[in-house]
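As structure tokens, the structure follows; a few thoughts come after it.
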Amino acid sequence: MTKPSWFNRLSILFGLAFLYLPIVVLVVYSFNGSKLVTVWGGFSTQWYATVLANPSIIEGAKVSFLVAAVSATAATILGTLAAVVMVRLRRFRGRALLNGMLLAPMVMPEVVMAVSMLLMFVTLGIDRGPLTITLAHTTFTLCFATVVLQSRLVELDPSLEEAARDLGCPPAKAFVSVALPNMVPALVSAWLLSFTLSLDDLVISSFTTGPGASTLPMKIYSQIKFGVTPEINAISTIILGIVVLGLVAAQLVSRRSEQRVSAA
Amino acid sequence: MSSVVLSSAAAPSAKTNWGKRLLIAIPYAWLLVLFLAPFALAAGISLSTVRLGMPPFEPLTAWDGSILNLRLNFENFLYVLTDDTYLLAYLTSLKIAAISTAAMLFIAYPLAYGIASCAPSSRSLLVFLVIVPFWSSMLIRVYSWMSILRNDGLLNALLLKIGLISEPLRILNTETAIYIGIVYTYLPFMVLPIYSTLSSADKTLIEAARDLGCSRISAFWRVTFPLSLPGVLAGCALVFIPVVGEFVIPDLLGGADTQMIGRAIWLEFFNNRDWPMAAAVTIVLLALLVVPIVYFQSRQARTQN
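Residue numbers (the working numbering), protein chains in the order written: chain A, 316 to 579; chain B, 88 to 392.
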């Protein structure tokens with residue numbers, strides 16, 4: 316497997332073309348002057364202007380970004396605790412159950428979690444709105460954040476922390492001052508992953524929200540149901556741009572800190 | 088965690104123990120209350136009866152003087168398990184999930200294999216390219232397929248122009264469109280685990296097989312493929328389980344004649360407003376998926392250790 320054969324190259328080309336075709340179509344047609352998908356009406360940014368002048372979309376975006384930022388932060392903090400528990404504490408009662416609860420949300424169909432969490436919020440008597448969406452998003456993104464952080468924590472050499480502890484540093488302080496700085500890239504990607512998953516979610520938000528609070532995907536969904544408009548292409552392109560920028564930034568952060576580690 | 092910070096190095100044992108317990112307790116409590124307990128609650132409410140008001144279901148227990156009455160209504164389950172529409176929706180969901188998982192394997196394996204055969208320097212870029220679509224909104228990517236597959240969409244326009252067809256094909260709102268959408272959306276979940284087993288496979292084993300006179304193809308089937316099997320199984324589980332309960336794809340790309348169970352739950356909830364019935368449909372779906380989920384968990388737990 317040292318050199319890719321023509322078959323390998325062809326499969327990569329076909330696979331990536333399949334993955335990117337709809338994205339390219341989306342971006343290109345967001346700049347289409349015509350309302351029709353099949354007609355190219357010249358380059359135009361009118362759909363972006365329509366989006367930015369749409370107060371309902373802007374309102375939805377505000378709710379979505381707030382929910383995504385808060386839940387990603389909560390998921391990263393909880394995920395760090397969970398990763399430390401799973402990696403550093405090998406033996407305690409109930410470890411298998413915790414591991415199960417950390418893995419199951421990754422494959423659990425969204426509707427199943429959405430219905431169950433809604434019933435929980437109703438039973439607890441919490442007013443449904445941005446708060447309940449945030450709690451629900453923190454729960455389902457937590458497992459993804461934990462996986463990212465766990466795989467980084469496993470790679471870290473525990474002997475550095477042991478040395479700090481031997482020198483009289485309390486365990487938590489040893490973790491924060493020795494292990495955590497080495498986990499910055501993982502923390503960034505865990506946060507970004509949670510953020511984008513939250514930003515993207517339609518099903519869990521729709522079930523766990525109350526009257527009044529609609530996230531961006533909920534607004535986009537009802538617009539799509541109403542009929543295909545180029546406006547949605549423009550919103551999608553903006554979201555895509557933000558996500559890609561975030562991803563590239565995360566790559567740069569991790570590369571820089573890797574260089575710093577290798578330079579040290 | 089603050090109690091751990093405060094503990095002095097001289098007397099770590101007792102305080103560290105409390106710190107440890109607190110450390111375990113925080114994520115544990117969160118997941119118990121917001122992930123596990125809701126399922127038990129849903130199971131309870133599925134045995135309730137729908138009513139007007141908020142919450143829109145009767146409580147299971149009621150005090151009658153000094154007597155505690157427990158009312159369990161099994162009608163929802165009897166209905167779900169005997170009604171043709173629900174049975175058909177469950178079967179359709181399982182069928183669509185199985186077929187699309189198999190289809191995905193055919194596209195994902197060559198792609199993963201191709202990436203693993205590249206030089207390490209270009210590998211990370213290719214993996215990055217596979218991951219990017221997974222990070223970008225699924226809703227908008229599914230929406231993009233709507234504009235491609237519509238009767239007056241891009242695909243039909245292209246086919247008409249080349250003269251391959253004389254009349255637009257009806258693809259959107261059919262089962263074919265659901266398959267396209269699912270295979271497209273979940274492809275990265277299948278590619279990544281297969282790629283990671285292929286790239287970590289010991290290449291000297293393949294060389295040894297070739298040296299011993301194995302042809303390229305038989306070396307692949309006898310050595311490479313068995314080595315990548317854990318990745319294949321992980322990918323299948325990662326894709327099959329959520330697809331069974333998928334809502335967005337069948338709702339936007341499928342037609343009225345193909346009902347998947349995720350969409351049935353959505354409609355039961357938002358259109359019929361029958362929460363106990365929606366909970367019963369959800370619990371049956373969960374019961375169907377328990378075996379694959381437990382299988383997935385034990386696999387993951389084993390690879391972690």
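No residue lacks a Cβ here, since even glycine has one placed at the ideal position from N, Cα and C. Here the structure is a predicted model, which means the values were calculated and not measured.
Out of the options, which has the shortest C-alpha to C-alpha gap to residue i?
i        : options                                   : result
Ala542/A : Ser133/B, Ser234/B and Leu165/B           : Contrary to the premise, residue 542/A reads as Gly rather than Ala in this sequence. Here the closest residue by C-alpha is Ser234/B.
Phe333/A : Arg228/B, Tyr173/B and Asp151/B           : Arg228/B
Ala130/B : Leu147/B, Leu119/B and Leu118/B           : Leu147/B
Pro313/B : Ala288/B, Ser385/B, Val377/B and Trp105/B : Ala288/B
Ser180/B : Asp361/B, Val326/B and Leu157/B           : Val326/B
Phe357/B : Val342/A, Thr530/A and Val430/A           : Val430/A
Ala398/A : Gly375/A, Ala505/A and Thr530/A           : Ala505/A
Val301/A : Lys107/B, Asn104/B, Leu216/B and Asp298/B : The question about residue 301/A has no answer, for chain A in this structure spans 316 to 579.
Leu285/B : Ala321/B, Glu162/B, Gln384/B and Ile380/B : Ala321/B
Phe413/B : Val319/B, Leu340/B and Arg350/B           : Absent from the model: residue 413/B. The displayed extent of chain B is 88 to 392, so no value can be given.
Ala116/B : Gln465/A, Arg410/A, Thr365/A and Val463/A : Arg410/A
Tyr266/B : Lys182/B, Arg297/B, Ala112/B and Arg138/B : Lys182/B
Arg360/B : Ser224/B, Thr136/B and Ser253/B           : Thr136/B
Leu174/B : Leu372/B, Trp222/B and Val120/B           : Leu372/B
Val427/A : Leu340/B, Thr390/B and Ile370/B           : Ile370/B
Ile352/B : Glu162/B, Val368/B and Pro207/B           : Val368/B
Val469/A : Ala501/A, Ala451/A, Thr454/A and Ala479/A : Ala501/A
Leu121/B : Gly556/A, Pro420/A and Leu331/A           : Pro420/A
What span of residues does the alpha helix (DSSP H) with residue i cover, start to end?
i        : result
Asn243/B : Leu241 to Ile249
Phe312/B : Phe312 to Val331
Phe29/B  : The question about residue 29/B has no answer here: the residues shown for chain B are numbered 88 through 392.
Cys458/A : Pro445 to Glu470
Asp298/B : Lys290 to Asp298
Pro420/A : Arg410 to Val422
Ser273/A : Since the first residue of chain A shown is 316 and the last is 579, residue 273/A is not available in this structure.
Glu254/B : It is not in any alpha helix (DSSP H) - Glu254/B carries neither H nor E in the DSSP assignment.
Val340/A : Trp321 to Ser345
Asp481/A : Pro473 to Asp481
Leu440/A : It is worth fixing the name first, because residue 440/A is Gly in this sequence and not Leu. From DSSP, Gly440/A is part of no alpha helix (DSSP H); its letter is neither H nor E.
Trp402/B : Given that chain B is displayed from residue 88 to residue 392, the structure contains no residue 402/B and the question cannot be resolved.
Trp232/B : Met225 to Leu236
Ile336/B : Val335 to Leu340
Gly268/B : Glu262 to Ser287
Ser302/B : Taken as a continuous stretch (DSSP letters only), Ser302/B belongs to no alpha helix (DSSP H), as it is neither H nor E.
Thr365/A : Gln361 to Leu367
At the level of alpha carbons, what is the spacing between residue i and residue j?
i        : j        : result
Leu226/B : Asp516/A : 8 Å
Leu413/A : Gly444/A : 28 Å
Pro255/B : Gly525/A : 42 Å
Leu512/A : Ala149/B : 41 Å
Ser94/B  : Leu475/A : Low confidence applies here, because Ser94/B scores a pLDDT of 40, under 50, leaving its location unreliable and the question unanswered by this model.
Val342/A : Asp170/B : 44 Å
Ile327/A : Leu434/A : 45 Å
Phe329/A : Ile328/B : 26 Å
Leu508/A : Ile154/B : 52 Å
Arg210/B : Ser302/B : 26 Å
Thr530/A : Gln538/A : 13 Å
Ala39/B  : Ala368/A : As displayed, chain B neither begins before 88 nor continues past 392, which places residue 39/B out of reach and without an answer.
Gln387/B : Ala549/A : 39 Å
Ala366/B : Val378/B : 20 Å
Leu168/B : Phe380/A : 41 Å
Gly483/A : Val493/A : 13 Å
Tyr282/B : Gly318/B : 8 Å
Val331/B : Ile547/A : 28 Å
Ala383/A : Leu514/A : 6 Å
Ile448/A : Thr523/A : 6 Å
Ser371/A : Ser133/B : 36 Å
Ala487/A : Leu404/A : 13 Å
Gly152/B : Val378/A : 47 Å
Ser253/B : Glu355/B : 41 Å
Leu165/B : Val381/B : 26 Å
Ala528/A : Trp362/B : 21 Å
Ala98/B  : Arg309/B : The predicted model places Ala98/B with a pLDDT of 46, which falls under 50 and marks its position as unreliable; any figure quoted below should be read in that light. Their Cα atoms are separated by approximately 58 Å.
Tyr536/A : Ser551/A : 12 Å
Between residue i and the ligand NAD, is the CB less than 7 Å from at least one heavy atom?
i        : result
Lys540/A : This structure lacks the ligand NAD, and indeed carries no ligand of any kind.
### Task
Inspect the CB distances between the region 126–140 of chain B and the region 326–345 of chain B and report whether three or more fall short of 8 Å.
no
### Message
Could you tell me which whole alpha helix (DSSP H) segments of length 4 or greater appear in the region 126–177 of chain B?
### Response
162–169
### Query
Just checking, does the region 185–203 of chain B make contact with the region 500–518 of chain A on the three C-beta pairs under 8 Å criterion?
no
### Query
Quick one: any contact between the region 452–467 of chain A and the region 393–407 of chain A, if contact means 3 or more CB pairs under 8 Å?
yes
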